[in-house]
Amino acid sequence: MQKLASFEVNYLQYLDEGGKPANDLPDFADDHEVMVGLYRSMQLLRHLDARAVALQRVGRMRTYPASEGQEAVGVGASSCLSDRDVLVPYYRGTAMMLGHGVQPHEILLYWGGDERGSDYQNPLAKEDFPIAVPIATQMLHAAGVASAIKLRGQKDRAVLTEIGEGGTSEGEFYEALNVAGVWNLPMVCVINNNQWAISVPSEMQTAAQTYAQKAVAAGIEGLQVDGNDVIAVKDAVGKALDKARNGGGATLIEAVTYRLCDHTTADDASRYEDAKARAEAEKKEPLGRLAKYLLNLGAVNEKQLDEFAVAAKAEVEKEVKIYFDILENKPQPPSAMFDYLYAELPERFRAQRDEVMRRGGE
Amino acid sequence: MSIEILMPALSPTMTEGAIARWLVKEGDAVSAGDLLAEIETDKATMELEAPEDGVLGRILVPDGTEEIAVGTPIGVLLEDGEDLNQVELSLAPAAEPAPRAAEPAPSPPPEPDEVTTSAAAAVADDPAVPAGTEMVTMTVREALRDAMAEEMRHDEDVFLIGEEVAHYEGAYKVSQGLLAEFGERRVVDTPITEQGIAGLGIGAAFAGLRPIVEFMTFNFAMQAIDQMINSAAKTHYMSGGQLTCPIVFRGPNGPASRVAAQHSQNYGAWFAHIPGLKVVAPYSAADSKGLLKAAIRDPNPVVFLENELLYGRTFEVPQLDDHRLPIGKARIARPGTDVTIVAYSIAVGVALEAAETLAAEGIEAEVVDLRTLRPLDMASVVTSVKKTNRCVVVEEGWPQCSIASEVSARLIEEAFDWLDAPVGRVTGADVPMPYAANLEKLALISADKVVASVKAATYKD
Chain V
1 MQKLASFEVN YLQYLDEGGK PANDLPDFAD DHEVMVGLYR SMQLLRHLDA
51 RAVALQRVGR MRTYPASEGQ EAVGVGASSC LSDRDVLVPY YRGTAMMLGH
101 GVQPHEILLY WGGDERGSDY QNPLAKEDFP IAVPIATQML HAAGVASAIK
151 LRGQKDRAVL TEIGEGGTSE GEFYEALNVA GVWNLPMVCV INNNQWAISV
201 PSEMQTAAQT YAQKAVAAGI EGLQVDGNDV IAVKDAVGKA LDKARNGGGA
251 TLIEAVTYRL CDHTTADDAS RYEDAKARAE AEKKEPLGRL AKYLLNLGAV
301 NEKQLDEFAV AAKAEVEKEV KIYFDILENK PQPPSAMFDY LYAELPERFR
351 AQRDEVMRRG GE
Chain L
363 MSIEILMPAL SPTMTEGAIA RWLVKEGDAV SAGDLLAEIE TDKATMELEA
413 PEDGVLGRIL VPDGTEEIAV GTPIGVLLED GEDLNQVELS LAPAAEPAPR
463 AAEPAPSPPP EPDEVTTSAA AAVADDPAVP AGTEMVTMTV REALRDAMAE
513 EMRHDEDVFL IGEEVAHYEG AYKVSQGLLA EFGERRVVDT PITEQGIAGL
563 GIGAAFAGLR PIVEFMTFNF AMQAIDQMIN SAAKTHYMSG GQLTCPIVFR
613 GPNGPASRVA AQHSQNYGAW FAHIPGLKVV APYSAADSKG LLKAAIRDPN
663 PVVFLENELL YGRTFEVPQL DDHRLPIGKA RIARPGTDVT IVAYSIAVGV
713 ALEAAETLAA EGIEAEVVDL RTLRPLDMAS VVTSVKKTNR CVVVEEGWPQ
763 CSIASEVSAR LIEEAFDWLD APVGRVTGAD VPMPYAANLE KLALISADKV
813 VASVKAATYK D
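As you go down the protein sequences, you meet chains V and L in turn.
With the working numbering applied, the first sequence covers 1 to 362.
With the working numbering applied, the second sequence covers 363 to 823.
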């Protein structure tokens with residue numbers, strides 16, 4: 001017998017659990033402004049999530065998926081996006097969306113039950129996709145955008161998408177990776193491996209040692225990074241996006257992290273999660289790790305960290321007020337049901353629309 | 363200004379819950395995000411957080427209270443420096459002046475095992491249920507679970523497979539207790555792979571087993587629809603009868619509450635279009651149990667459409683060792699003489715509500731619950747229409763190519779000479795379900811819309 005192929009999967013980590021460098025750091029890790037920016041983005045997300053969950057508990061938010069513990073994945077990845085890149089987010093993609101210019105109140109509005117939240121006002125995000133709630137559908141959409149970039153001959157442009165580790169069991173995940181490989185598409189997919197698909201633990205999701213190796217059969221590069229190490233995520237995704245923008249094809253990056261929250265507000269992880277595993281995972285969480293690194297680097301002091309927390313809270317409150325104002329004072333008119341039904345409203349619907357308006361939506 | 367703390371809806375389907383315990387006392391200062399209380403639902407125990415900084419002025423509903431409706435005020439949060447007495451004065455006109463905690467807790471509904479006979483009339487006209495049968499009260503959720511458990515005891519070949527069905531006991535808690543009784547071999551959690559579950563279930567059915575495939579919701583079945591239609595429905599036909607496919611695809615279908623366009627739709631007409639499938643969509647707990655048992659025994663692929671908003675509703679169920687109902691038979695849910703209202707699934711409840719309003723105005727509506735969408739029991743509909751001469755079809759779903767369209771067309775073919783008015787259709791709006799509450803309300807069917815359509819059919823408006 002003759003060996004035709006073999007594969008290896010590499011793991012990337014720069015900061016260990018104590019926030020100490022475990023490897024030679026990439027250049028950006030010395031840039032105080034960049035690193036403090038990453039920290040503040042992660043902190044804003046944590047406050048926003050906490051507020052959104054609290055709002056849901058008092059009936060002012062619909063079902064909401066938080067990202068607690070996984071902030072480094074989306075913040076690190078989206079910090080590599082250029083204004084020409086396209087983001088195709090999934091439901092736990094708040095970090096990536098914020099990183100590409102979507103405003104917090106737009107995200108609150110979407111999960112609060114108002115589709116206007118998907119009408120991103122920031123020009124940076126204008127071509128980004130709305131949140132994909134069905135599992136794995138975003139993978140083929142991302143491959144489609146990447147195909148369009150290729151067909152149009154656009155240079156220096158790539159697509160970033162994200163999926164949970166559970167989503168990688170869906171057929172669409174494999175179909176998208178396969179076409180991304182065979183067509184050499186400018187696409188990067190980040191797997192947020194937070195260990196849980198609602199209540200299903202990772203060991204019941206796959207027999208593969210890593211999710212990164214799911215890239216192998218598609219003929220694309222796959223690697224695993226420490227998803228709680230924002231430097232590793234940013235470094236890996238940055239290089240993968242550069243490769244994609246320069247004709248080098250697609251990359252699959254598995255970011256290993258842990259869901260330090262319920263699946264969504266409709267879930268209660270304490271019913272199935274081992275408290276010890278949670279306690280262990282909390283020791284590895286990304287925000288505290290980065291804070292230690294920044295303190296050692298001399299980029300910040302304790303007092304500044306406290307000030308950042310106050311500022312993040314204030315920013316979230318400002319956005320919550322905008323959200324409340326839109327939700328409570330600016331409801332969509334009944335005509336909104338018709339306005340986006342077709343590019344041009346057919347005659348039959350026009351009469352219905354007129355009738356609804358005539359009755360004042362009653 | 364003070365804030366009334368309302369009983370929160372912790373999930374889109376929650377209608378009531380219990381306060382396990384308060385974690386703070388009256389007079390305690392709290393910051394936004396502090397834990398106030400532990401709330402229990404049928405799915406989970408969760409913590410209620412303070413929405414703002416302030417002082418807990420009053421606990422309105424004490425520890426241990428159960429069945430508190432969502433939206434009920436359970437406490438009052440005061441701003442720093444605010445006086446509780448002033449607040450109570452300002453609250454008094456809007457709310458009950460007496461502390462709500464002093465009110466007796468609402469009496470709980472009867473326990474599932476409590477035997478009642480009073481409401482036996484609910485199914486008394488069902489020929490499949492012998493007269494005088496004792497009835498038990500249970501939810502649709504419990505009825506479905508019991509149906510699966512009974513059939514799994516009856517036949518070793520029956521097994522349940524799906525996402526979150528075993529350890530989590532179903533995303534909507536329909537498979538409660540099944541893992542404990544039948545073990546992991548027959549109650550099988552899968553990865554997230556709808557096409558995979560459907561396809562391997564179909565393979566197992568071809569091989570002689572009787573799988574029950576649970577879709578967390580039928581919205582997710584869209585990722586499996588090729589397997590359901592091109593493999594499950596057609597292989598018996600295309601193999602010259604060599605292979606049969608005794609499989610049940612079940613799960614919640616139809617609009618839920620506030621879950622937007624991709625999670626709020628009725629697939630009844632989609633599956634009913636397909637020769638080779640049987641399609642069942644029950645309303646009551648008795649029918650859910652009797653028809654699910656029949657579906658599991660059926661040698662054909664059966665699409666069994668449940669409804670998330672019906673899971674928690676309580677009905678009378680006949681206490682029989684083996685309550686099975688024939689697939690393909692409609693039921694008169696309410697007898698009447700002036701107009702026939704045809705409905706299925708949750709729309710039956712809407713039709714019955716409309717019928718009560720109409721009765722108060724002297725119009726006696728006969729409500730026909732189709733129960734099965736394929737094969738469609740047109741004989742029962744035609745018999746009713748020949749008596750009433752008027753018909754309105756009510757359906758939660760889009761109007762074009764709907765079950766309502768089919769019933770209407772068949773009435774033209776089979777009962778044209780008996781019709782005194784055009785057949786009316788009351789359906790969901792012809793748009794994707796809006797997420798926003800005000801627009802969703804406009805898009806859904808309602809008893810008022812049914813009443814209006816009946817009045818048009820009876821020339822009363």
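Where a beta carbon is used, it is the ideal one built from N, C-alpha and C, also for glycine.
query	result
Between V356 (chain V) and chain L, is any beta-carbon pair separated by less than 9 angstroms?	yes
Please confirm if F633 (chain L) has its CB atom under 9 angstroms from at least one CB of chain V.	no
Which first and last residues belong to the beta strand (DSSP E) in which Y11 (chain V) is found?	10-12
Using the Cα positions of A281 (chain V) and L260 (chain V), report the straight-line distance between them to the nearest angstrom.	8 angstroms
According to the neighbour-count rule (16 or more other Cβ atoms, all chains shown, within 10 Å of its Cβ), is E718 (chain L) buried or exposed?	exposed
Could you compute how far the alpha carbon of M357 (chain V) sits from the alpha carbon of I198 (chain V)?	42 angstroms
Compare the beta carbon distance of V417 (chain L) and E444 (chain L) with 9 angstroms and say whether it is the shorter of the two.	yes
Would N122 (chain V) be called buried (16 or more neighbouring beta carbons within 10 Å of its own) or exposed?	exposed
Let me check understanding here. Comparing Cα to Cα, which of V:M96, V:D49, V:R40, V:G99 lies closest to D306 (chain V)?	V:R40
When you compare only the Cα positions, how much space is there between F308 (chain V) and Q195 (chain V)?	30 angstroms
Using a Cβ cut-off of 9 angstroms (strictly closer), state whether H625 (chain L) contacts chain V.	yes
If you draw a straight line from the alpha carbon of K655 (chain L) to that of A634 (chain L), how long is it in whole angstroms?	20 angstroms
How many angstroms separate the CA atom of P334 (chain V) from the CA atom of G360 (chain V)?	8 angstroms
Rounded to the nearest angstrom, how far is the Cβ of A819 (chain L) from that of G786 (chain L), given a contact under 8 angstroms?	5 angstroms
Go through its chain and collect everything with a Cβ distance to A5 (chain V)'s Cβ below 8 angstroms, but skip five positions before and after it.	none
Using CA coordinates, which residue listed in L:M578, L:G433, L:T606, L:D810 is at the minimum distance from N615 (chain L)?	L:M578
Got a sec, what are the start and stop residues for the beta strand (DSSP E) G419 (chain L) sits in?	416-421
Rounded to whole angstroms, what's the CA-CA distance from A799 (chain L) to K748 (chain L)? Just pull it up for me.	40 angstroms
Using CA coordinates, which residue listed in V:I253, V:K284, V:K155 is at the minimum distance from N193 (chain V)?	V:I253
Mind checking if S67 (chain V) is an interface residue toward chain A, Cβ cutoff 9 angstroms exclusive?	Judged by its chain identifiers, the structure shown contains no chain A, and its protein chains are V and L.
Does the beta carbon of F577 (chain L) come closer than 9 angstroms to any beta carbon on chain V?	no
Quick one: using the 10 Å Cβ neighbour count with 16 as the cut-off for buried, is F7 (chain V) buried or exposed?	exposed
Please report the straight-line C-alpha distance between R289 (chain V) and D396 (chain L), rounded to a whole angstrom.	25 angstroms
Judging by CA-CA distance, which residue of V:R271, V:R57, V:G248 is the nearest neighbour of L368 (chain L)?	V:R57
Whole angstroms is fine: what's the gap from H598 (chain L)'s alpha carbon to L732 (chain L)'s?	26 angstroms
Using a Cβ-Cβ distance under 9 angstroms, would S41 (chain V) count as near chain L?	no
Going along the chain, which residues of its own chain have a beta-carbon closer than 7 angstroms to the beta-carbon of T137 (chain V), five neighbours each way excluded?	E172
So is E355 (chain V) buried or exposed if we call it buried at 16+ other beta carbons inside 10 Å?	exposed
Give the DSSP-derived three-state secondary structure of V785 (chain L) in the structure shown.	coil
Apply the 10 Å Cβ neighbour rule to N592 (chain L) and answer buried if 16 or more other Cβ atoms are within range, or exposed otherwise.	exposed
Chain V partners of R620 (chain L), CB-CB under 8 angstroms?	R62, G113
Under 9 angstroms between C-beta atoms, does Q332 (chain V) make it to chain L?	yes
Rounded to whole angstroms, what is the Cα-Cα separation between S79 (chain V) and L160 (chain V)?	11 angstroms
Output, in chain order, the set of chain L residues within a Cβ distance shorter than 8 angstroms of A365 (chain V).	Residue 365 (chain V) lies beyond the residue range present for chain V, which begins at 1 and ends at 362; the question has no answer from this structure.
Give the straight-line distance between the Cα atoms of V701 (chain L) and K321 (chain V), rounded to the nearest whole angstrom.	51 angstroms
For E388 (chain L) and I131 (chain V), I'd like the C-alpha separation in whole angstroms.	42 angstroms
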